[in-house]
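Anchor point for the sequence shown: position 89 equals 144 in the numbering used here, and the numbering is continuous, going up by one each time.
Backbone N, C-alpha and C fix where the C-beta goes; we use that ideal spot for every residue, glycine too.
Step one of this worksheet: look at the structure below.
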Amino acid sequence: MSTATITTDVNIGPFKIPSNGQNMIMNNYAERNNLVVELLIPEPMMSNALATTQWLHNDRKLNKVILCSIHQLPDKQDRIDNLLKNMEGVEFHFALEGICGKGRSFLLECIKEAKMFMNAKTIDSTKTTWLKLHKMMKEKHT
């Protein structure tokens with residue numbers, strides 16, 4: 056049983072984080088949460104299938120994995136199904152969100168949140184002011 060960090064493509068949802076930055080974020084998270092990282096898994100560029108991680112889990116029996124963000128989880132249904140089936144019982148940690156958990160329902164909630172975030176309307180900050188944003192927030196009761 057071991058704990059692994061997983062680096063993926065530089066494009067992570069709304070973020071652009073190179074692998075060395077991902078490693079710094081995850082190592083800091085591990086240190087703050089008293090996790091000992093024993094394995095670093097580099098996933099291929101342009102991929103969020105986490106196929107390398109699943110393959111290594113069969114060999115190394117991972118018990119915990121750390122990713123930078125929920126945005127690194129698969130978004131295609133067949134890849135989600137494979138992850139849920141192959142990584143059952145593995146505890147997932149997401150450093151930027153500061154959350155962890157395991158099981159089907161936890162991962163599905165994380166995937167749902169990532170999709171919801173990516174579908175949210177962005178506000179062009181060059182075309183507004185903080186006062187207008189505050190007024191908009193008050194009008195929408197958020």
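| message | Less than 8 angstroms between the C-beta atoms of I121 and L162, yes or no? | response | The beta carbons of I121 and L162 sit no closer together than 8 angstroms.
| field | Cutoff 8 angstroms; reference M173; Cβ partners in own chain excluding five residues on either side | value | The residues are G68, P69 and H126.
| request: Assign P204 to one of two classes, buried (16 or more other C-beta atoms within 10 Å of its C-beta) or exposed (fewer than that). | output: Beyond the ends of the chain as shown, which are 56 and 197, falls residue 204; an answer cannot be given.
| For the candidate residues I178, I154 and S160, whose alpha-carbon lies nearest to that of L139? | Comparing Cα positions, the closest option is S160.
| At what residues does the beta strand (DSSP E) containing A85 begin and finish? | Unbroken run through A85 is the alpha helix (DSSP H), S74 to R87; no beta strand (DSSP E).
| Nearest-angstrom Cα separation, counted from T107 out to M79 | Straight across, the Cα-Cα distance linking M79 with T107 is about 21 angstroms.
| message | Can you tell me where the alpha helix (DSSP H) holding S160 begins and where it ends? | response | Start and end: R159 to N174.
| Residue burial classification, L117 (beta-carbon count within 10 angstroms, cutoff 16) | By the 10 Å Cβ count, L117 comes out buried.
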